[in-house]
Amino acid sequence: MTEPRALQAAYDALVVDFLAPLLDGREVRLGPPIAPGCASYFAQTRSGSVEADHVIFEALHRGASEIARVETLRWPSMGLLAMAAAMYDVLFVTDPQLDRVFARAARTTVREWAEGWLHLVGVPSTRGEALARHVLVERFGSLRRKDVVVKNWAYTYRFFGRHVPANVVALPRLRFVRQEETIRSLDAILVRDGDVELARLELPALVRAIASRSPVTELLGAPSNQAFRFSAASLAVLSDRAIRGAVAGHLLKDEWRAVSVLGTALVDPTLLAQPMLLAIAVQLLLEMHLVCALDGRAHAPSTRDLVDAGAIRYAALLVATFDDDRAVKELSVFDDDHRVLLMRRAEAFRPRVPRQAMAEMQGLLAAALAAEPAFLPS
Amino acid sequence: MTSFLERAALHQTRFRTPGVHPDARGVVLGQKGLVLFPSLDRVVAFFRAYGDEGSLDEILPSLVIQRVVSALKTREIVVTLAAESSYRMDRVAAVARLAGGDVFTGTQRHFVKYRDATSPLGYDIAEVVEAKADLVVHHDAYRQAYNVEREVPFRDLVLKLSPYRLPPTERSSANRFFATAETGIGHALVGYLFRWRSKARVAIAEWPSASAFDERPRRLHLFDIEDAAPRIVTLLRSLPGVTVFEPLGRSFGVELGFKHPISLESCQSLFPESTLTLFRGDGQVVSVDPLPPFAPVRTLVRTPMSVDGATEAQAAEGIGTTESVTVPLRLAPTIQPARNVLATVIPASQREFLAKLLYVMPPRALESVQLAVGRESLYLVDPNGVDGVPLGRFFCEVAHRIYVPTGMTLVPAVQPAVLEDMLASQRGNHIFFEADGAPPRVVPSQAFSPLSRSILRELAGVVVHADMPGREDPALPLLSYGPELRFPLWGAPGREETNADPALKLGSGGSR
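These protein sequence lines are chains A and B, in that order.
Counting from 18, one number per residue, gives the positions in the first sequence under the working numbering.
Counting from 13, one number per residue, gives the positions in the second sequence under the working numbering.
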């Protein structure tokens, strides 16, 4: 059994030395790796630094509020701690000094620990938790490492992610000391040229698994992910009106690229088999139409926009909404002005939507309406 | 440019749009103009803007407002009018765009978008589509067919709109007013207006009972008042049951202090001269049709009659034809208690005392006391009584703004009205009779201002900036590994506790 003092030190290393600087934009310091066996202790303890807790809470709250309105969020929470511990262990594995005898095997063990931490992370159950996870993942993605190579007339020293000792750069003129500094992003840290052992560990896949525990990140990154599918977690957070509105507004920055992916994900067989979940995905797409029309972002659609099946489904969905009597009745809650704007957008789409796509969306909309009658965004 | 419309070219004579042709300027024009609004409030905004800048009377003969419904069951409002010329349509289009409407032109069913900056000569339809609808509009962004649901008469629209309250600065000072009074107060008003010699006429308007349970038809006294003094208008407005209207035309008016959303002066043809339409501030409309005959109030006042012939007897004795006698007006001591002590005159030498007194005067006194600064004296007037200022010589008000020192009175003891008439040339100013027999001093009313404002020095505020503090995004974090260990996993915490507690998998950390 590990002594409580060591467990508390590990907790402080995770919260005070890793998480707080990560969120606050300072230097992140890694200590020994942390095994998932600490989870029971972590669930009960508190950090010794009130300031670190304050910094973390403020950064999470601030980042979350930039996405959607949030009253408060819970810190510390086990989900966030487990994600942070997984990140911590992944970064530990990237240390180039581990590429030596008696240390290489530790990489595989610590990677397994990171996976173990991930198994502790469930679906976020509150808006604050979902947004906080996104903030954490986003900050993790912005992590960098400074690699320094010091050369003198006789030797070359490499300090990857470590400070250069003063004696190495002493008497620079006499010893012809030269320094080369390289700032590496997280992607470059995870895969190093020539390190076959590191490549075998597949750290990028592990980082993607960490990011997948944040449904908001998954949704906001959909436009650049051609393999995007609506997961149960992402649909769960989309059922929250505030997050759905924020996601819709964010995706509209590149509307047609986003709807190309979302339209394809809409007809995923697993989604079609569950009309309740389908209704939530439909809500997101209709909310995008609504925000686009009411914010005046809409322009007359051109052939260039409706290039693929996903975008055509997106357009057809709005037209089908106006063709469905139940949906039209739902639309009556809007002001006349707003309804007319939506209607004109639908009419602009109508000539460009193939009949087959219309029929497909009419069926899909009927299924969604049957599952969730009051489903239109208000 | 989408495929719904094509731009019209110069000298183009054939169009696919039925019933349009180029006018003298080459602009594509049909016999009618059509403005499509998403909601009724936009229509009102259109008529407000159009009426404020021009005359609605010129478009009223051909104006039709219709509520239309599309195949998608959305309802919109269509305003149709005779196009006549592209000059009129340009003006309609400019105002309609301001109000959020789309402008079209055509003759029967098909209406094409009217010209705009993109196509100065107008548009033509790319292809005519057959639709079973009352009208089809062709816009460059959409094409929509509508069926007419019902017509909204313009007069009904005007009568249903509620006037809004005007800020005091925008209220006009008219000379003529209409007033309505309930029958209970009507006769009293007739007598009142007669006593103050107002040029007023009165009539009784009557409406049939709204239901069989009403005891009698509804009646109102209607007054047409000319050259009414402001105090009379103020009094009438304050009376319950009396509503004062400002006439905008010969046969319509709006309650004083209110304004109708649509400029009624620009649509006078809605109100025939044989009727009277009055818009109350609460949204009710008093419509009198036909207009009853008006009679001067002097013909209706109840005159007391004597039967003993005394008036004739006095006339026979020649009373009232005496020679004129003039006597000077003087001040004389009196033992009557002082009443209406409303002013005090303070010598200029006591000005410092007055300044010190300011610090102990109650706020209410400071608010109501008016001060005029003369070369030798300071004049303080307080309509609530100036007894609270223990300085100077007190004056009583014997007539409106005419003051005599306390303990004295004017002889002969003339009535206040006589005094006011004698000093009619100084009406509005304050007149102080001095005890030394000198001619009365006249202090212009403009010289008076609130006491606190006259005495206090100017205040200079210090501007405090309360801008939001600058906010910076956090810098990008930098990774730093710990000290190099020979065996990295030695001493790693939690290594012995191999299995994490499955109950911890709660996502939001509810276990904490």
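Virtual Cβ for every residue (Gly too), placed ideally from N, Cα, C.
Inset, instruction - Using the Cα positions of residue 150 of chain B and residue 27 of chain B, report the straight-line distance between them to the nearest angstrom. - result: 14 Å
Legend entry - Under 7 Å by beta carbon: chain A residues contacting residue 156 of chain B: 364
Legend entry - Residue nearest to residue 150 of chain A in terms of C-alpha spacing, selected from A:166, A:250, A:348, A:358: A:250
Legend entry - Chain-ordered neighbours of residue 44 of chain A on chain B, where CB pairs are closer than 9 Å: 489, 490, 491, 492
Legend entry - Pick from B:505, B:341, B:77 that is closest to residue 426 of chain B, judged by C-alpha positions: B:341
Legend entry - Simplified DSSP assignment, three categories, for residue 219 of chain B: strand
Legend entry - With 16 other Cβ atoms within 10 Å as the buried cut-off, status of residue 252 of chain A: buried
Inset, instruction - Quick one: residues in its chain with C-beta nearer than 6 Å to the C-beta of residue 160 of chain B, no 5 flanking neighbours on either side, listed in chain order? - result: 78, 80, 146
Legend entry - Delimiting residues of the alpha helix (DSSP H) encompassing residue 125 of chain A: 121-136
Legend entry - Delimiting residues of the beta strand (DSSP E) encompassing residue 420 of chain B: 420-423
Legend entry - Residue from B:106, B:75, B:142 whose Cα sits closest to the Cα of residue 128 of chain B: B:106
Inset, instruction - Indicate whether at least one CB of chain A lies closer than 8 Å to the CB of residue 85 of chain B. - result: yes
Legend entry - For residue 85 of chain A and residue 323 of chain A, the rounded distance between their alpha carbons: 30 Å
Inset, instruction - Compute the distance between the beta-carbons of residue 292 of chain B and residue 258 of chain B, then report whether it is under 8 Å. - result: no
Inset, instruction - May I have the straight-line CA-CA distance separating residue 95 of chain A from residue 337 of chain A, to the nearest angstrom? - result: 44 Å
Legend entry - Under the three-state DSSP convention, the category residue 121 of chain B falls into: coil
Legend entry - Three-state secondary structure assigned by DSSP to residue 168 of chain B: helix
Inset, instruction - Kindly list the residues whose CB is nearer than 7 Å to the CB of residue 285 of chain B, restricted to its own chain and excluding five residues on each side of it in sequence; keep chain order. - result: 262, 263
Inset, instruction - Indicate whether residue 298 of chain B and residue 287 of chain B have their beta-carbon atoms separated by less than 8 Å. - result: no
Inset, instruction - Taking residue 358 of chain B as the reference, give the member of B:350, B:347, B:389, B:209 with the closest Cα. - result: B:389
Inset, instruction - May I have the straight-line CA-CA distance separating residue 312 of chain B from residue 198 of chain B, to the nearest angstrom? - result: 11 Å
Inset, instruction - Name, in chain order, the residues that DSSP records as bridge partners for residue 255 of chain B. - result: B:192
Legend entry - Three-state secondary structure (DSSP) of residue 262 of chain A: helix
Legend entry - Per-residue burial, residue 200 of chain A [other beta carbons within 10 Å of its own, 16 or more giving buried]: exposed
Inset, instruction - Grab me the residues of residue 202 of chain B's own chain with a C-beta within less than 7 Å of its C-beta, minus the 5 sequence neighbours each way, in chain order. - result: 214, 309, 312, 313
Inset, instruction - Measure the alpha-carbon distance for residue 241 of chain A versus residue 139 of chain A and round it to whole angstroms. - result: 25 Å
Legend entry - residue 220 of chain A versus residue 379 of chain A - alpha carbon distance: 43 Å
Inset, instruction - List the residues of chain B whose Cβ lies closer than 9 Å to the Cβ of residue 162 of chain A, in chain order. - result: 490, 491, 492, 493
Inset, instruction - Counting only the same chain and skipping the five closest in sequence on each side, list residues whose C-beta sits under 6 Å from that of residue 406 of chain B. - result: 353, 356, 418
Inset, instruction - Report yes if the C-beta distance between residue 225 of chain A and residue 100 of chain A is below 8 Å; otherwise report no. - result: no
Legend entry - Cut-off 6 Å between Cβ atoms - residues of its own chain near residue 249 of chain B, not counting five sequence neighbours on either side: 256
Legend entry - Rounded C-alpha distance that separates residue 97 of chain B from residue 123 of chain B: 16 Å
Legend entry - Inter-residue spacing [alpha-carbon to alpha-carbon] between residue 131 of chain A and residue 282 of chain A: 30 Å
Inset, instruction - Using the Cα positions of residue 83 of chain A and residue 99 of chain B, report the straight-line distance between them to the nearest angstrom. - result: 51 Å
Inset, instruction - Give the range of the alpha helix (DSSP H) segment to which residue 221 of chain A is assigned. - result: 220-229
Legend entry - C-alpha distance - residue 361 of chain A paired with residue 92 of chain A, whole-angstrom precision: 46 Å
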